[in-house]
Amino acid sequence: MSQQSTRKHVTNTELLAMKERGEKIVSLTAYDASFAHVLDNAGVDMILVGDSLGMVIQGQTSTIPVTIEEMAYHSKIVSRGIERALLVTDMPFMSYPDPHSAVENAAILMQQGHAEMVKLEGGQNVLDSVEHIVSQGIPICGHLGLLPQSVNQLGGYKVQGKEEAQANIIIEDAKCLEQAGASAIVVECIPSELARKITQAVSIPIIGIGAGVDCDGQVLVSYDMLDITFGKRPKFSKNFMLETGNISGAVSAYVNAVKNKTFPASEHSF
Ligand code: KIV
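Written out as structure tokens, the structure is:
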């Protein structure tokens, strides 16, 4: 038997087990089969087909123009590069305005995009859609804190949850998502202390991006950590190409840094 075929595929229940045993979950975005293959080989546990593809692949200024057809296409091609990692795909802007359309669009990502979990942004405002999607046997990852699909409402890409009242709403949102059946939650651009409280308050895995080292796992936009970002790299990311000089080395360095809790450091946190 080849070494590769003995690698056990990561599932949503394995993510839960990792949280329980205190093993950090490593996640990165991918948008095509070759990158997905590099990430998978380096030991990334969860590969996210993020709607960040609107910016890093399509060169747009936000994720808002990304369509369900584009997400399904990128998810399908990413799935061909994966052997071990869990494949999570973003539901794009306005693909879950009500429970019925949410299930229809989640089904497109599962059937055409071969996603194994879908991610959507929001808390108590999306609970009906979350419950309906979960009731159809589709695992859900929530997304709280900075919600890129709501950038026009938030007035820009800013750290969220700095005030106590807003922080309490985010903690409550996390508890509600868990109760509605979510399998994991991404928390983006929130103070480290708030992320630590959320991670302790729920039993499902919390995956941070710009949320400090105390989350159950970390995710980054792969193009940011490979230093091929359009414009300025966000403060919470790090150029892993600097220390390694090649893509697979940079991804392995990121995997090790997340697993041994040396990334994110305080300079990548709020
Ligand atoms: O779209 C994306 O890449 C994401 C990550 C920033 C978590 O949602």
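Note that this note's numbering has the sequence shown beginning at 4, numbered continuously upward. Don't be surprised by glycine CBs; every beta carbon is placed ideally from N, CA and C.
Please report how far the alpha carbon of residue i lies from the alpha carbon of residue j, in whole angstroms.
{"i": "E86", "j": "A168", "result": "43 Å"}
{"i": "A260", "j": "D43", "result": "16 Å"}
{"i": "I72", "j": "S98", "result": "At residue 72 the sequence reads Glu, which differs from the Ile that was named. The alpha-carbon atoms of E72 and S98 are separated by roughly 11 Å."}
{"i": "A39", "j": "G164", "result": "32 Å"}
{"i": "Q63", "j": "D54", "result": "11 Å"}
{"i": "Y257", "j": "N249", "result": "12 Å"}
{"i": "K200", "j": "I174", "result": "8 Å"}
{"i": "G128", "j": "G213", "result": "Note that residue 128 is Asn in the sequence shown, not Gly. So the alpha carbons of these two residues sit roughly 23 Å apart."}
{"i": "F233", "j": "Y226", "result": "9 Å"}
{"i": "K264", "j": "V29", "result": "11 Å"}
{"i": "K27", "j": "D219", "result": "5 Å"}
{"i": "S138", "j": "S78", "result": "22 Å"}
{"i": "M113", "j": "M94", "result": "11 Å"}
{"i": "A109", "j": "K11", "result": "25 Å"}
{"i": "Q115", "j": "Y76", "result": "8 Å"}
{"i": "M4", "j": "D131", "result": "With a pLDDT of 37 at M4, under the threshold of 50, the modelled position of that residue is not reliable, and the figure given next carries that caveat. Using only the alpha carbons, I get a separation of about 46 Å."}
Could you check whether the Cβ of residue i sits closer than 7 Å to any heavy atom belonging to the ligand KIV?
{"i": "D35", "result": "no"}
{"i": "E175", "result": "no"}
{"i": "E191", "result": "yes"}
{"i": "I212", "result": "yes"}
{"i": "G62", "result": "no"}
{"i": "H77", "result": "no"}
{"i": "V91", "result": "no"}
{"i": "L147", "result": "no"}
{"i": "G53", "result": "yes"}
{"i": "V162", "result": "no"}
{"i": "V222", "result": "yes"}
{"i": "T3", "result": "What is shown of the chain runs 4 to 273, which leaves residue 3 out entirely."}
{"i": "T66", "result": "yes"}
{"i": "T32", "result": "yes"}
With residue i as the anchor, note down where its beta strand (DSSP E) starts and where it stops.
{"i": "D93", "result": "89-93"}
{"i": "I173", "result": "No beta strand (DSSP E) holds I173; the alpha helix (DSSP H) holding it covers 167-182."}
{"i": "A187", "result": "187-191"}
Write down the C-beta distance between residue i and residue j rounded to the nearest angstrom, noting that I regard them as a contact closer than 8 Å.
{"i": "I188", "j": "L147", "result": "6 Å"}
{"i": "V162", "j": "F266", "result": "Between F266 and V162 the Cβ distance is about 19 Å, and since that is not below 8 Å, they are no contact."}
{"i": "P208", "j": "L19", "result": "7 Å"}
{"i": "V222", "j": "A45", "result": "At roughly 14 Å, the Cβ-Cβ gap does not stay under 8 Å, so V222 and A45 are not in contact."}
Which one of the options has the shortest CA to CA distance from residue i?
{"i": "L245", "options": "K79, D230, E119, I207", "result": "D230"}
{"i": "G125", "options": "G158, Y160, C144", "result": "C144"}
{"i": "A268", "options": "G215, L197, V13, A204", "result": "G215"}
{"i": "K2", "options": "E191, V13, R24", "result": "What is shown of the chain runs 4 to 273, which leaves residue 2 out entirely."}
{"i": "K178", "options": "Q203, A88, T32", "result": "Q203"}
{"i": "D217", "options": "S153, P100, G25", "result": "G25"}
Under DSSP, the alpha helix (DSSP H) around residue i begins and ends at which residues?
{"i": "V81", "result": "71-82"}
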